[in-house]
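> Input: one structure, supplied below.
Protein chains: 2
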Amino acid sequence: MAVYTEVTAEELADLLAGYDIGRPVSMKGIAEGVENTNYLVTTEQGDFILTLYEKRVACGDLPFFIGLLDYLAAQSVPCPVPIHDRAGQVLHTLCDRSAALFSFLPGISVRRPSVAQCTAVGAELAKLHLAGRGFDMRRENDLSLAGWERLREDLGDHADALWEGLGELLDSELAFLRAHWPDDLPDGVIHADLFPDNVLFLDGDVSGMIDFYFACNDLLAYDIAICLNAWCFEVDHSFNITKARAFLESYRSVRPMSAAETEALPILARGAALRFLLTRAYDWFHTAPDAYVRPKSPDEYLRKLRFHQRVKSLSEYGLAP
Amino acid sequence: MAVYTEVTAEELADLLAGYDIGRPVSMKGIAEGVENTNYLVTTEQGDFILTLYEKRVACGDLPFFIGLLDYLAAQSVPCPVPIHDRAGQVLHTLCDRSAALFSFLPGISVRRPSVAQCTAVGAELAKLHLAGRGFDMRRENDLSLAGWERLREDLGDHADALWEGLGELLDSELAFLRAHWPDDLPDGVIHADLFPDNVLFLDGDVSGMIDFYFACNDLLAYDIAICLNAWCFEVDHSFNITKARAFLESYRSVRPMSAAETEALPILARGAALRFLLTRAYDWFHTAPDAYVRPKSPDEYLRKLRFHQRVKSLSEYGLAP
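Structure follows, in structure tokens:
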């Protein structure tokens, strides 16, 4: 949400000299992506995004992300397309950071998705999952069970400082998930962070999916569970079953889910809620109290976790029993 | 340098419905302007800047700024052009803030201006001064002598906490400026903040001047003195007489300066240096120590002030004696 690294006109011109995309006409630092610095760069040939990777993205993972976007773009997934320079390279060093240029995607993200937008994103997520088949690089999900346990450990007694009893709730939930987490469901490349901020809409259609920097190999249905959390709750934290039904039906019309996948949804949704509860609680305690960027409250995901814990039947997600 | 206010896709669409500029295609929060929130908005008809005015811009001043930009744009000054809605209105209320749409200007600002860029900006400043004649609204400069005295008072003992002896230096400089500040030089509309960040270049030409939110009525030569400070020192704080000569000659080729104006340059340059020394010292003490946006060091303008204090002849600014 900030420009951490300042790129000068001269540095931009030097970089672009290696590409066949024309000379720079404009460059604006944009408030997109929490982790990286992004510029909207206009050249004589159009609009591009210049990303400089700041500390939180591991350099070793960049070839996976770039390779994935190349692969998905070739299959017409509406994602940022890595721009190759004349030597075929995507990754460069700029201002001491790894940097890459991408195509600019039109569209605007929404804050309160409609049922129609939930329908649209369901189909798009399923297409993404199908398009990812055959991509032959791998990246483990470092924010799955083992990662959650590390986060819980790191939180320590801070958990109870947030809410009395939160530590115990986290421990018992982790024990439950460890005992019941499925390991035999279809896996593949997942986005793992497909929140409304990361989906662009134009005239009701999904025009872009962005910010693939949590993408990894994991259970496809876990990605669905993340979206159930991110798209199907209202601002008052109530679950909107109409949106869930629309999202799931639309997803399944593109990629049918197995019975095992649908049955696992409540536990996957609990895991997804716990994942964001933990990272938000972590950020809550690791952000200086008067820093400019306020962390998001973990409270939202505690409420979502409690909702999923109480689910007794798939019909509560809008699925036929 | 940040997006303080988040505008949703729905709020943008509602706003644009009142204009004849097509439907929104894209919206990105941009890191431009320290005081306000700015979005780069693309519609079916092109690019625009949407500005939301945050607390530091007084609402009562907005009609002056909008009126000035309308007036300057009509005379082909490369400034943001206020976009009028179907009812002829520029100012709207959006997210509880005053907001306005402007044309988008191509070009990229430079960090270390070349002699050629100093030449270009000299001519452009003179054209701006000529174009402002006849604009019939007025805004006093609240950052002239009286404003500096208020800032000095507010700093109090903090001054000496910055550097031993700074308080005394500020007091004696203020006394000197109060005694010698000219009041009979040509006045008019000045930009008052034409730093390199506020000038866009394209192919060596000035393609845009932006951020008119310090514009006011004051001595035209004071605006020149601000630019001498902002454009003609190197990063090591040394004065570059070649840049100063180029800037001043270029300015005077468009708007000749009277003998009284050139003679007043050293004192005007001292005043300009003191103005930025004071505002930076103020921001230095009023920004929380671990806030995200770091204030700029006042040190740079202390050094500039000392340079101007030592000037004995106009030849030191590159002017013929």
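Listed in order, the protein sequences are those of chains A and B.
Residue 1 is where the first sequence starts when you use full-length UniProt numbering, and the numbers rise one by one after that.
Residue 1 is where the second sequence starts when you use full-length UniProt numbering, and the numbers rise one by one after that.
C-beta: ideal position from N, C-alpha, C; glycine also.
A quick note: this is a predicted structure, and the numbers were derived from the prediction, not measured.
1) Taking any Cβ of chain A, which residues in the segment 181-205 of chain B have a Cβ under 9 Å from it, in chain order?
2) Give every residue of the same chain whose Cβ lies closer than 7 Å to the Cβ of residue 244 of chain A, excluding the five residues on either side of it in the sequence, and list them in chain order.
3) What do you reckon, are the CB atoms on residue 230 of chain A and residue 195 of chain A nearer than 8 Å?
4) Are the Cβ atoms of residue 155 of chain A and residue 273 of chain A separated by less than 8 Å?
5) Are there 16 or more other CB atoms within 10 angstroms of the CB of residue 93 of chain A, so buried, or fewer, so exposed?
6) Under 8 Å between beta-carbons, which chain B residues line up against residue 40 of chain A? List them in chain order, please.
7) Using a C-beta to C-beta distance shorter than 8 Å, which residues of chain B count as neighbours of residue 106 of chain A?
8) Going by C-alpha to C-alpha distance, which of A/17, A/21, A/52 sits closest to residue 30 of chain A?
9) Quick one: measure Cβ to Cβ for residue 200 of chain B and residue 210 of chain B, integer angstroms, because I've assumed they're closer than 8 Å.
10) Going by Cα to Cα distance, which pick from A/251, A/237, A/300, A/223 is closest to residue 269 of chain A?
11) Can you list, in chain order, the residues of the segment 87-115 of chain B whose Cβ is nearer than 9 Å to any Cβ on chain A?
12) Hey, out of B/213, B/307, B/278, B/50, whose CA is closest to residue 171 of chain B's CA?
13) Can you look up residue 28 of chain A in the DSSP assignment and give me helix, strand or coil?
14) Measuring alpha carbon to alpha carbon, tell me which of B/48, B/36, B/32, B/78 ends up nearest residue 12 of chain B.
15) Provide the residue span of the alpha helix (DSSP H) that contains residue 4 of chain B, from first to last.
16) Can you list the residues of chain B that residue 8 of chain A reaches, using a CB-CB cut of under 8 Å?
17) Is the distance from the Cβ of residue 135 of chain B to the Cβ of residue 213 of chain B below 8 Å?
18) Just to confirm the assignment: which complete alpha helix (DSSP H) runs, minimum length 4, are found wholly within the segment 48-99 of chain A?
19) Can you confirm whether residue 211 of chain A, when its beta carbon is compared against all beta carbons of chain B, has any partner nearer than 8 Å?
20) Which ranges does the alpha helix (DSSP H) cover as unbroken runs of at least 4 residues, wholly within the segment 102-146 of chain A, from first to last along the chain?
21) Just to confirm, are residue 98 of chain B and residue 62 of chain B a CB contact at a threshold of 8 Å?
22) With a 10 Å radius around its C-beta and 16 neighbouring C-beta atoms as the bar for buried, classify residue 253 of chain B as buried or exposed.
23) Given that a residue counts as buried once 16 or more other Cβ atoms are within 10 Å of its Cβ, and exposed if not, what is residue 256 of chain B?
24) Could you tell me the alpha carbon to alpha carbon distance between residue 1 of chain B and residue 6 of chain A, rounded to whole angstroms?
25) Can you list, in chain order, the residues of its chain whose CB lies under 7 Å from that of residue 127 of chain B, leaving out five sequence neighbours each side?
26) What number of angstroms, rounded off, separates the C-alpha of residue 152 of chain B from the C-alpha of residue 55 of chain B?
27) Taking only three categories from DSSP, how would you classify residue 277 of chain A?
28) Who are residue 209 of chain A's beta bridge partners in DSSP?
In terms of the structure at hand:
1) Cβ contacts with chain A come from 200, 201, 202, 203.
2) Position 244 of the first sequence, counted from the first residue, corresponds to residue 244 of chain A. Excluding residues within five positions, the ones whose Cβ falls inside 7 Å are 228, 232, 317, 318.
3) Residue mapping note: residue 230 of chain A aligns to position 230 of the first sequence, counting from 1. Residue mapping note: residue 195 of chain A aligns to position 195 of the first sequence, counting from 1. Result yes, Cβ atoms of residue 230 of chain A and residue 195 of chain A sit closer than 8 Å.
4) Within the first sequence, the letter at position 155 stands for residue 155 of chain A. Within the first sequence, the letter at position 273 stands for residue 273 of chain A. Contact: no.
5) By 1-based counting over the first sequence, the position of residue 93 of chain A is 93. Per the 10 Å Cβ criterion, exposed.
6) If you number the first sequence from 1, residue 40 of chain A lands on position 40. Ordered by position in chain B, the residues that pass the 8 Å Cβ test against residue 40 of chain A are 28, 30, 40.
7) For the purposes of this step, residue 106 of chain A is identified with residue 106 of the first sequence, where counting begins at 1. For a Cβ distance threshold of 8 Å, residue set 25, 26, 42 of chain B lies close to residue 106 of chain A, ordered along the chain.
8) Within the first sequence, residue 30 of chain A is the residue found at index 30, counting from 1. Out of A/17, A/21, A/52, A/52 has the C-alpha closest to the C-alpha of residue 30 of chain A.
9) For the purposes of this step, residue 200 of chain B is taken as residue 200 along the second sequence, with counting starting at 1. For the purposes of this step, residue 210 of chain B is taken as residue 210 along the second sequence, with counting starting at 1. Contact holds; Cβ gap of about 7 Å.
10) Within the first sequence, the letter at position 269 stands for residue 269 of chain A. When only C-alpha atoms are compared, the closest one is A/223.
11) Listed in chain order, the positions of the segment 87-115 of chain B with a beta carbon within less than 9 Å of a beta carbon of chain A are 104, 105, 106, 107, 108, 109, 110, 111, 112.
12) Numbered from its first residue, the second sequence carries residue 171 of chain B at position 171. Minimum Cα-Cα distance from residue 171 of chain B among the listed residues B/213, B/307, B/278, B/50 corresponds to B/278.
13) Here residue 28 of chain A refers to the residue found at position 28 of the first sequence. DSSP places residue 28 of chain A in strand when its eight states are reduced to three.
14) Position 12 of the second sequence, counting from 1, holds the residue named residue 12 of chain B. That would be B/48, whose Cα lies nearest to the Cα of residue 12 of chain B.
15) The residue you call residue 4 of chain B lines up with position 4 of the second sequence. Residue 4 of chain B -> no alpha helix (DSSP H), and no H or E assigned at all.
16) For the purposes of this step, residue 8 of chain A is taken as the residue at position 8 of the first sequence. Simply 110, 111, 112.
17) For the purposes of this step, residue 135 of chain B is identified with residue 135 of the second sequence, where counting begins at 1. For the purposes of this step, residue 213 of chain B is identified with residue 213 of the second sequence, where counting begins at 1. With contacts defined as CB atoms closer than 8 Å, residue 135 of chain B and residue 213 of chain B fail to qualify as a contacting pair.
18) Inside the segment 48-99 of chain A, DSSP marks whole alpha helix (DSSP H) runs of 4 or more residues at positions 62-74, from first to last along the chain.
19) The residue labelled residue 211 of chain A in the question sits at position 211 within the first sequence. Proximity of residue 211 of chain A to chain B, defined by a Cβ-Cβ separation below 8 Å, is not satisfied.
20) Counting only runs that start and end inside the segment 102-146 of chain A, the alpha helix (DSSP H) elements of at least 4 residues fall at 115-132.
21) Here residue 98 of chain B is taken as the residue at index 98 of the second sequence, counted from 1. Here residue 62 of chain B is taken as the residue at index 62 of the second sequence, counted from 1. A contact, by the Cβ cut-off of 8 Å.
22) The residue labelled residue 253 of chain B in the question sits at position 253 within the second sequence. Exposed, since its Cβ has fewer than 16 Cβ neighbours within 10 Å.
23) As a working note, residue 256 of chain B is residue 256 in the second sequence. When all chains shown are included, residue 256 of chain B counts as exposed.
24) The residue given as residue 1 of chain B occupies position 1 in the second sequence. The residue given as residue 6 of chain A occupies position 6 in the first sequence. Residue placement at residue 1 of chain B is flagged as unreliable, the pLDDT there being 48, under the threshold of 50; the coordinate-derived value follows with that caveat. In this model, residue 1 of chain B and residue 6 of chain A are separated by some 11 Å (Cα to Cα).
25) Start at 1 with the first residue of the second sequence, and residue 127 of chain B comes out as number 127. Excluding positions up to five away in sequence, the list reads 77, 254.
26) Stepping through the second sequence from its first residue, residue 152 of chain B is reached at position 152. Stepping through the second sequence from its first residue, residue 55 of chain B is reached at position 55. Going by the C-alpha atoms only, they are around 22 Å apart.
27) As a working mapping, residue 277 of chain A is identified with position 277 in the first sequence. Taken through DSSP and simplified to helix, strand or coil, residue 277 of chain A comes out as helix.
28) Walking along the first sequence from the start, residue 209 of chain A turns up at place 209. In the DSSP output, where bridge partners are listed per residue, residue 209 of chain A has A/199.
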